[in-house]
Amino acid sequence: MKTGSWTVGVDVGGTFTDLCAVDQQTGQVALHKVSSTPANPAAAIIAGLEGLAAKICIDLADVSAVAHGTTVATNALIQRRGARVAMVTTRNFRDLVEIGRQIRPRMYDLKADFPMPLAPRELRFEVDERVGPAGEVITPLDMASVDAVIDRLRAEQVEAVAIAFLFAYLNPAHEQAVKARIAAALPGVAISTSSEVQPEFREYERSSTTLLNAYLQPTFSTYMTTLKDEVAARSPGATLGVNQSNGGLMSVDTARDFPIRTALSGPAAGAMGAIHTARASGLSSIITFDVGGTSADVALIRDLQVKLSFDRDVAGFPVRMPMVDINTVGAGGGSIAWQDRDGLLKVGPASAGAQPGPACYGRGGTEPTVTDANVVLGRLSTRGLLGGTMSLDTDASFRVVGEMAAQLGLSVEQVARGILEIMSANMVRAIRAISVERGHDPRDFVLMPFGGAGPLHAEGCARALGIGQILIPLLPGILCAQGLLVSDRSESFVRSKRIAAREENAGALAEMVSAMQVEAEDWWAREDIDPADRKVQLAADMRYASQNYELQITLDALPDIATLKQMFFAAHAQAYGFFNPDDPVDVVALRLTALGTRPALQTPAQSGTATAAPQPRSHRPVWFYGVTPITAPVYDRADFAAGTTLTGPAVIDQFDATLLLFPGDTARVDDALNILIQRGNLDL
Numbered sequence: 300m301k302t303g304s305w306t307v308g309v310d311v312g313g314t315f316t317d318l319c320a321v322d323q324q325t326g327q328v329a330l331h332k333v334s335s336t337p338a339n340p341a342a343a344i345i346a347g348l349e350g351l352a353a354k355i356c357i358d359l360a361d362v363s364a365v366a367h368g369t370t371v372a373t374n375a376l377i378q379r380r381g382a383r384v385a386m387v388t389t390r391n392f393r394d395l396v397e398i399g400r401q402i403r404p405r406m407y408d409l410k411a412d413f414p415m416p417l418a419p420r421e422l423r424f425e426v427d428e429r430v431g432p433a434g435e436v437i438t439p440l441d442m443a444s445v446d447a448v449i450d451r452l453r454a455e456q457v458e459a460v461a462i463a464f465l466f467a468y469l470n471p472a473h474e475q476a477v478k479a480r481i482a483a484a485l486p487g488v489a490i491s492t493s494s495e496v497q498p499e500f501r502e503y504e505r506s507s508t509t510l511l512n513a514y515l516q517p518t519f520s521t522y523m524t525t526l527k528d529e530v531a532a533r534s535p536g537a538t539l540g541v542n543q544s545n546g547g548l549m550s551v552d553t554a555r556d557f558p559i560r561t562a563l564s565g566p567a568a569g570a571m572g573a574i575h576t577a578r579a580s581g582l583s584s585i586i587t588f589d590v591g592g593t594s595a596d597v598a599l600i601r602d603l604q605v606k607l608s609f610d611r612d613v614a615g616f617p618v619r620m621p622m623v624d625i626n627t628v629g630a631g632g633g634s635i636a637w638q639d640r641d642g643l644l645k646v647g648p649a650s651a652g653a654q655p656g657p658a659c660y661g662r663g664g665t666e667p668t669v670t671d672a673n674v675v676l677g678r679l680s681t682r683g684l685l686g687g688t689m690s691l692d693t694d695a696s697f698r699v700v701g702e703m704a705a706q707l708g709l710s711v712e713q714v715a716r717g718i719l720e721i722m723s724a725n726m727v728r729a730i731r732a733i734s735v736e737r738g739h740d741p742r743d744f745v746l747m748p749f750g751g752a753g754p755l756h757a758e759g760c761a762r763a764l765g766i767g768q769i770l771i772p773l774l775p776g777i778l779c780a781q782g783l784l785v786s787d788r789s790e791s792f793v794r795s796k797r798i799a800a801r802e803e804n805a806g807a808l809a810e811m812v813s814a815m816q817v818e819a820e821d822w823w824a825r826e827d828i829d830p831a832d833r834k835v836q837l838a839a840d841m842r843y844a845s846q847n848y849e850l851q852i853t854l855d856a857l858p859d860i861a862t863l864k865q866m867f868f869a870a871h872a873q874a875y876g877f878f879n880p881d882d883p884v885d886v887v888a889l890r891l892t893a894l895g896t897r898p899a900l901q902t903p904a905q906s907g908t909a910t911a912a913p914q915p916r917s918h919r920p921v922w923f924y925g926v927t928p929i930t931a932p933v934y935d936r937a938d939f940a941a942g943t944t945l946t947g948p949a950v951i952d953q954f955d956a957t958l959l960l961f962p963g964d965t966a967r968v969d970d971a972l973n974i975l976i977q978r979g980n981l982d983l
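This is the structure we're talking about:
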């Protein structure tokens, strides 16, 4: 084997850390899973890399690249484990991040409130400066007021500072001057400026995003440095990339400066893996749902493109960053079933997580979970998970689900089915939010489940949504890690300025695109990206002049104004069901994403046991629809060659997941070794 032929994707989840390795020369694929270590995620990553190397008998020095999807930033926000952070802003605007938009987080809960800013009021400071709405300097920066703030920062022993001035996205000079002054006086303090974090209009969201970034910088910087050193010690020639929320990879150095970009790092990788899978199977429009141990992430992909969202809440805080448009609910394999005060059965959002995990893991779990319900119904193999290396305590599952059944006066199987039905309902609501509520008919899409628990729940969701086809990826439980291997390196640039969509402004728009193109060329050069791998994506944020929210229009190149408006009208009709060609239209931002494309993954070679006429390895009773079990054949997916066709009922086991084929369903293995299921009972 030649040095540097392996690339590895590592996705850290709430329960498991998944690894997917590919030999770029031979196409060989290797998989590995280890339990996550929430207290120190790097420990699971390094243990996983070492376990993977031992499993396939390679030297980690043969690894040329490691791509990492991380939840560290999100978890730090949820658990409030960031730095002692201060904020510096324009005189009279220190309360902006606390006042916000004056809207309630929950419409009908008068007591609910947004979380307090991460920088308390006593750590929010003002300086004398003012930039106007055209980028002009109204009040020059007063360095004496800056020095006074520095004295306060030193006295308060802050670890990080966020700088967010009015209209800094148009003229960043004041922010940069203050950053340089603070850096010189307090060299150990992390500093974030809004003009670097996200130079866009909307002061509140820009300020909030900058504050979150500063809050995360010290912790994330330590994590990235540790991980980089540990990987370098084992794979000295490997590059380390970190996945961003927009689905592209960035360098470790960029991740240190902008940890907020990783808020949806893992789910974004799943979307990239789903696009790769759909393309290989000749599909273009899919709805994905990624079911892990603690949550389910759903996304809508049309024409092999996933929409980006720019306004989201992360742990209750508003964030304005390009993120894959994903809807997340607390519904995973570890979701706990419980009874509300009214006696009704509920599932999630609380999860058993990795420790202690579901009762069947044998680690001390005492509450019934979705995984335990699947064990009770015979849907999970009695020989355990991960190819039998992780045994399941079936008696524990029957015990904890049985205790709930006794309270409800039902059989243990009835309660288990109820748990799974509620689980499916939770996921269906999330899917409707990104499809039906946005003008898309889910029946026009193919459902793609993945994650360790996704294929187990595919039929229930498809049945509720009326979807006729289900595509199961070759590696459903590792798809997020695999997605990291197909994610391009990327960097996003933006020019935010309200410009009327009129012919006389065409030149101004073209100048904005040209300026971003120059920045993209600089980035390509810094990242040493080969010219053959360079690609750009362009988009315009547009709205009617009287609207407060905009639609993003994807562009191949900047068209003439008339064409640009027609594209906006079509998008408006799709989103809202109408458009008015006579109302004035504004362009409020232009976005350019520079890409460094990566080579496509080859379809892995079929196993030596693969055949178009596989035989079941065993049979076992499984509860599907009725009140009695059906004895179903159990297959090993490694035995399936391209062209294999099966009719349900059946259970299909593989290393990283379990797939159910319900009675009446037909499954076919395509040339990419993905399984396409045609549901037979569409009325159920």
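So the mapping is simple: the working numbering equals the position in the sequence shown, first residue as 1, plus 299.
From the three backbone atoms N, C-alpha and C, an ideal C-beta is built for every residue, glycine too.
Own chain, CB closer than 6 Å to residue i, minus 5 neighbours either side, in chain order
i, result
"T302", "Any reading at T302 is ruled out, since the residue's pLDDT is 48, under 50, leaving its predicted position unreliable."
"I976", "I769, D964, A966"
"F792", "M815, E818, L891"
"V887", "R797, D840, E849"
"S584", "R601, F744"
"A658", "G664, D671, A695, S696, V699"
For residue i, three-class secondary structure by DSSP
i, result
"Y875", "helix"
"A385", "strand"
"S506", "helix"
"Y843", "strand"
"A467", "coil"
"M622", "strand"
"T538", "strand"
"L691", "coil"
"T302", "In this predicted model, T302 has a pLDDT of only 48, less than 50, meaning its place in the structure is not dependable; the value taken from the coordinates is given anyway. T302 falls in the coil class under three-state DSSP."
"F939", "strand"
"Y848", "coil"
"P932", "strand"
"A649", "strand"
"K834", "strand"
Euclidean distance between Cα positions of residue i and residue j
i, j, result
"D969", "R762", "23 Å"
"M300", "D322", "Bear in mind that the predicted position of M300 carries a pLDDT of just 36, short of 50, making it too unreliable to give a figure here."
"A704", "F392", "57 Å"
"A375", "R801", "45 Å"
"P414", "A949", "48 Å"
"P928", "G591", "26 Å"
"S594", "G895", "31 Å"
"L603", "G308", "21 Å"
"G326", "C356", "16 Å"
"A472", "M442", "13 Å"
Heavy atom of the ligand ATP within 8 Å of residue i beta-carbon
i, result
"Y934", "Among the components modelled here there is no ligand, and therefore nothing to report on the ligand ATP."
Test item: CB-CB of residue i and residue j under 9 Å
i, j, result
"D427", "T438", "yes"
"T853", "A838", "yes"
"G642", "V669", "no"
"M811", "K834", "no"
"T627", "A729", "yes"
"L746", "L764", "yes"
"V496", "I481", "no"
"A636", "G661", "no"
"I344", "V384", "no"
"A676", "A724", "Looking at the sequence shown, residue 676 is not Ala but Leu. Contact: no."
is_contact[residue i, chain D] using C-beta, thresh 9 Å
i, result
"L774", "Going by chain labels, chain D is absent from the structure shown, which holds only one protein chain."
Cβ shell of residue i (< 7 Å), same chain only, five flanking positions each side left out
i, result
"R533", "L348, L359"
"I777", "D317, C319, L330, D955"
"N545", "A567, L607, P621, M622, V623, S789, S791"
Proximal residues to residue i (C-beta, below 8 Å), its chain only, five neighbours per side dropped
i, result
"T306", "A320, V321, Q323, V362, S363, A364, V365, A366, L784"
"Q706", "Q638"
"A489", "A382, E458, A459, V460, A513, Q516, P517, S520"
"A454", "none"
Q: Could you name each continuous alpha helix (DSSP H) segment of 4 residues or more that falls completely within the stretch 377–431, going from the start of the chain to the end?
A: 395–398
Q. At which residue ranges does the stretch 306–365 contain complete beta strand (DSSP E) runs of 3 or more residues, listed in the order of the chain?
A. 315–322, 328–334
**Q.** Contained alpha helix (DSSP H) runs [length at least 4] in the stretch 730–780, N- to C-terminal order
**A.** Fully contained in the stretch 730–780 are the following alpha helix (DSSP H) runs of length 4 or more, in chain order: 757–764.
Q | Those runs of the beta strand (DSSP E) which lie wholly inside the stretch 545–580 and span at least 3 residues | A | 548–550
Q: For the stretch 434–499, list the alpha helix (DSSP H) runs that are entirely contained and at least 4 residues long, ordered along the chain.
A: 442–455, 472–484, 493–496
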